[in-house]
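First up is the structure itself, then whatever we jot down about it.
Number of protein chains: 2
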Amino acid sequence: MDRVAIIGTGLIGGSIGLALKGGKVTGLEVIGFDDDRSSLNEAKKRGAVDRTAGNLREAVSGARLVIVAAPPLAVRQVFEDIGPHLSEGAIVTDTASTKALPARWAGEYLPAGVSYVGGHPMAGKEQQGIKNAEAGLFQGKTWAVVPSARANEAAVQSVIGLITIAGAEALFVDADEHDQYVAAISHLPLMMSAALFSLVRQSPSWDDIAPLAASGFKDMTRLASGDPRMAHDIMATNVDAVGHWIDRFIVELQRLRDLMQENRKSLFRQFSETQLQRDAFVAGDWKKRQPLAEAPSAKDAMSSMLLGGLLSSRVEKFEKDMERGSRGRRGVLDDDED
Amino acid sequence: MDRVAIIGTGLIGGSIGLALKGGKVTGLEVIGFDDDRSSLNEAKKRGAVDRTAGNLREAVSGARLVIVAAPPLAVRQVFEDIGPHLSEGAIVTDTASTKALPARWAGEYLPAGVSYVGGHPMAGKEQQGIKNAEAGLFQGKTWAVVPSARANEAAVQSVIGLITIAGAEALFVDADEHDQYVAAISHLPLMMSAALFSLVRQSPSWDDIAPLAASGFKDMTRLASGDPRMAHDIMATNVDAVGHWIDRFIVELQRLRDLMQENRKSLFRQFSETQLQRDAFVAGDWKKRQPLAEAPSAKDAMSSMLLGGLLSSRVEKFEKDMERGSRGRRGVLDDDED
Numbered sequence: 007m008d009r010v011a012i013i014g015t016g017l018i019g020g021s022i023g024l025a026l027k028g029g030k031v032t033g034l035e036v037i038g039f040d041d042d043r044s045s046l047n048e049a050k051k052r053g054a055v056d057r058t059a060g061n062l063r064e065a066v067s068g069a070r071l072v073i074v075a076a077p078p079l080a081v082r083q084v085f086e087d088i089g090p091h092l093s094e095g096a097i098v099t100d101t102a103s104t105k106a107l108p109a110r111w112a113g114e115y116l117p118a119g120v121s122y123v124g125g126h127p128m129a130g131k132e133q134q135g136i137k138n139a140e141a142g143l144f145q146g147k148t149w150a151v152v153p154s155a156r157a158n159e160a161a162v163q164s165v166i167g168l169i170t171i172a173g174a175e176a177l178f179v180d181a182d183e184h185d186q187y188v189a190a191i192s193h194l195p196l197m198m199s200a201a202l203f204s205l206v207r208q209s210p211s212w213d214d215i216a217p218l219a220a221s222g223f224k225d226m227t228r229l230a231s232g233d234p235r236m237a238h239d240i241m242a243t244n245v246d247a248v249g250h251w252i253d254r255f256i257v258e259l260q261r262l263r264d265l266m267q268e269n270r271k272s273l274f275r276q277f278s279e280t281q282l283q284r285d286a287f288v289a290g291d292w293k294k295r296q297p298l299a300e301a302p303s304a305k306d307a308m309s310s311m312l313l314g315g316l317l318s319s320r321v322e323k324f325e326k327d328m329e330r331g332s333r334g335r336r337g338v339l340d341d342d343e344d
Numbered sequence: 007m008d009r010v011a012i013i014g015t016g017l018i019g020g021s022i023g024l025a026l027k028g029g030k031v032t033g034l035e036v037i038g039f040d041d042d043r044s045s046l047n048e049a050k051k052r053g054a055v056d057r058t059a060g061n062l063r064e065a066v067s068g069a070r071l072v073i074v075a076a077p078p079l080a081v082r083q084v085f086e087d088i089g090p091h092l093s094e095g096a097i098v099t100d101t102a103s104t105k106a107l108p109a110r111w112a113g114e115y116l117p118a119g120v121s122y123v124g125g126h127p128m129a130g131k132e133q134q135g136i137k138n139a140e141a142g143l144f145q146g147k148t149w150a151v152v153p154s155a156r157a158n159e160a161a162v163q164s165v166i167g168l169i170t171i172a173g174a175e176a177l178f179v180d181a182d183e184h185d186q187y188v189a190a191i192s193h194l195p196l197m198m199s200a201a202l203f204s205l206v207r208q209s210p211s212w213d214d215i216a217p218l219a220a221s222g223f224k225d226m227t228r229l230a231s232g233d234p235r236m237a238h239d240i241m242a243t244n245v246d247a248v249g250h251w252i253d254r255f256i257v258e259l260q261r262l263r264d265l266m267q268e269n270r271k272s273l274f275r276q277f278s279e280t281q282l283q284r285d286a287f288v289a290g291d292w293k294k295r296q297p298l299a300e301a302p303s304a305k306d307a308m309s310s311m312l313l314g315g316l317l318s319s320r321v322e323k324f325e326k327d328m329e330r331g332s333r334g335r336r337g338v339l340d341d342d343e344d
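Residue numbers (this note's numbering), protein chains in the order written: chain A, 7 to 344; chain B, 7 to 344.
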């Protein structure tokens, strides 16, 4: 029997358990542990784990693979607590949203004979807890993998095996780069979302504003409904990178505000370019580019040319529309300035 | 036969047409006009209009209700062009995302015998055009109604009838207040969305960042895929309110950044409070409050007390967790600072 321990049976840990059990891997025993006994019992009831452990020591004892699915700051405590009880040759992975500090904690608290391979599944939802866990949560998603220098090749392959069973795609990345990247695409958006909701909610006009709030506002504030402990831990373990991206974002937002106030033709061009680029992103253009050599291929150049041509023709049409408008009694573009 | 003219048969105009025709109102003839002939022909083919007009004059001639579903800046030109051809007693409404300027243009360009009742359906999606139109687009949504001083009661009732047929709920609001409110919940989010995508997309590391981008980033940048002409016109007709909310948002984001850097216990409290308030918003708490008297009712006070109690108990548990963590070899909270 291969024993796998899941420490933390919330949304992520529970979903990993369900994926493992659903994968029908023969000879696999999944042991679960969670501080929250009701979450742990629910994990057992839902079949995410075969057996529950009464404490961390019991959970990791004899386990070949230990998956720590806890909020970032809790990972340190778990590593410290399980360190003395891990089997020689055990593999430890985690799912924390930041990777530099967990890697450092692994170096400090896990014994030399243990392979640490950091992980971060790029999946989740704002509904937390084991009751929202699902085997398919990671299907088709990216799962960042950050092996420690000490991890052996077999350990890395085991974690990739886990990721494959969960239906996700492994992506190797350096810990510091990972934290910079997710600061941009995940932690900054979380701060924006919380700031937007909090700002509008505190308005004295909130009761009049709320009935007008449509799907745009709901989408843009969805991340603010996530687990506050998780949000706190993410920020606490990625202060510099998040601060850096917040500052850059403010500069960009001010640039758009200035265009709105002073140069609306450029604002239109900006919106047009962003729309074309985002549509290309959603269509998965970066997937096509990944396996290519670093120099832009002929196909890339062609694609850039076509997008550039499309952008130019849109700007041209826009200018004609605006000109036609300004033949009226007043200029359309400065109509709001009086 | 009652004749209704729809000027602009894109997503919104087309969806209104489909809702009207699907509503099986007897004796109703819907005439469509659009600068874009292919959009107009598609509207006819899809049954959103009974008949297409060759020009604006033909479209509005004999119409009792004229619905102008054009981008905000185009509304002015349309009002100017149709003004001389409207029937005595005709009702004109529009669907522009801002309401103060269309109201002013109505005063300037529509004849005295015509009732203008501004409108703004709080519905939409980033996929534009008649091909994405659907009869159910407005179902259950709010539709802001801004009658002009000149509009008679029958005209207001006709527009409410249209809104009811479309399945939406009419909400009366003052034009300037409307523009302030939607700046907060719609136009600021649009600017944030465009700024976020543009910022991250221009990063030299974009090719490495993109594979990590999950649903959070996609949701937070969705509005950036909207029609750039529409986005431009919205900003051009709401410069002051949007600028005001952008500036306030930046202050709020900086406040969260400062908490992250200097006072993470307060950051946790902030995340917790925002989560509780947003969950209450999504659950529709404001709906329950609407019909109540302005002074907080006993039920409101109870609800506030319960939420406050929940928040306190969460902060308490968080502090205990953090203390337990800091009993380790180093303080959890300043672990990222060395």
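Glycine included, C-beta positions come from ideal geometry on N, C-alpha and C.
As the structure is a computational prediction, the values presented were derived from the model and not from experiment.
* With a Cβ-Cβ cutoff of 8 Å, do A/Leu317 and A/Ser272 count as a contact? -> no
* Asked: Is the region 58–66 of chain A touching the region 99–116 of chain A, taking contact as three or more C-beta pairs under 8 Å?
  -> no
* Run the CB neighbour count on B/Ala216, radius 10 Å, all protein chains shown included, and call it buried at 16 or more, exposed below. => buried
* DSSP three-state call for B/Val206: helix, strand or coil? -> helix
* In angstroms, rounded to a whole number, what distance separates the CA positions of A/Ala201 and B/Phe255? -> 7 Å
* To do: Could you tell me whether the Cβ of B/Val248 comes closer than 8 Å to any Cβ of chain A?
  => yes
* Look at the alpha carbon of A/Ala25 and the alpha carbon of A/Asp100, and state the distance between them as a whole number of angstroms. => 16 Å
* Rank A/Gly135, A/His126, A/Gln134 and A/Ser154 by C-alpha distance to the C-alpha of A/Gln120 and give the top, closest one. => According to the sequence provided, residue 120 of chain A is Val. The question's Gln does not apply to it. The shortest Cα separation from A/Val120 among A/Gly135, A/His126, A/Gln134 and A/Ser154 belongs to A/Ser154.
* **Nearest-angstrom beta carbon gap, A/Phe178 and A/Ser21 [assumed within contact, 8 Å]** => That belief does not hold up - the Cβ atoms of A/Ser21 and A/Phe178 are roughly 22 Å apart, past 8 Å.
* Excluding five sequence neighbours on each side, which residues of the same chain lie with their C-beta closer than 6 Å to the C-beta of B/His250? -> none
* Residue nearest to A/Ser103 in terms of C-alpha spacing, selected from A/Leu205, A/Ala157, A/Pro127 and A/Met197 -> A/Pro127
* Asked: Which chain A residues sit within Cβ distance under 7 Å of B/Thr227?
  -> Arg284
* Asked: If we ignore side chains and look at the alpha-carbon of each, how far apart do A/Ala96 and A/Ala69 end up?
  -> 7 Å
* Asked: Between the beta-carbon of B/Ala6 and the beta-carbon of B/His184, is there less than 8 Å?
  -> Here chain B has residues from 7 to 344 only, and residue 6 of chain B is not among them.
* To do: Taking C-beta pairs closer than 7 Å, name the residues in chain A that B/Tyr187 reaches, listed in chain order.
  => Ser211, Asp214, Ile215 and Leu218
* Mind listing which residues of the region 142–157 of chain A have their C-beta closer than 7 Å to chain B's C-betas, in chain order? -> Lys147, Thr148 and Ala150
* Within this structure, are the beta carbons of A/Thr32 and B/Ser204 separated by less than 8 Å? -> no
* Just how far apart, CA to CA, sit A/Ala242 and A/Glu258? -> 24 Å
* Taking B/Val123 as the query, report the chain A residues whose CB atoms sit under 8 Å from its CB, ordered along the chain. => Going along chain A, no residue has its Cβ under 8 Å from B/Val123, so there is no contact; the nearest lies around 17 Å.
* For the putative contact between A/Pro234 and B/Phe274, defined by C-beta atoms under 8 Å, what is the C-beta separation to the nearest angstrom? -> 6 Å
* Tell me the start and end of each unbroken beta strand (DSSP E) in the region 73–109 of chain B that is at least 3 residues and wholly inside, in chain order. => 97–100
* Tell me, to the nearest whole angstrom, how far the beta carbon of A/Gln23 is from that of A/Ile12; I am working on the premise that it is less than 8 Å. => The sequence given here places Gly at residue 23 of chain A; Gln does not occur at that position. Confirmed, about 5 Å.
* Look at A/Arg156 and A/Tyr122 and say whether their C-beta atoms are less than 8 Å apart. => yes
* To do: Determine the direct distance from the alpha carbon of B/Phe223 to that of B/Pro90, and round the result to whole angstroms.
  => 49 Å
* Asked: What are the start and end residues of the alpha helix (DSSP H) that includes B/Asp180?
  -> No alpha helix (DSSP H) contains B/Asp180, which DSSP labels as neither H nor E.
* Asked: Alpha carbon to alpha carbon, what distance is there between B/Arg228 and B/Pro195?
  -> 10 Å
* Residues of the region 10–42 of chain A whose Cβ lies closer than 7 Å to any Cβ of chain B, in chain order -> none
* CB contact check: B/Phe178 to chain A, cutoff 8 Å -> no
* C-beta atoms of B/Ala75 and B/Gly19 nearer than 8 Å -> yes
* To do: Note down the Cα distance separating B/Asp6 from B/Asn47, rounded to an integer number of angstroms.
  => Residue 6 of chain B falls outside the range modelled here, since chain B spans only 7 to 344, and no answer is possible.
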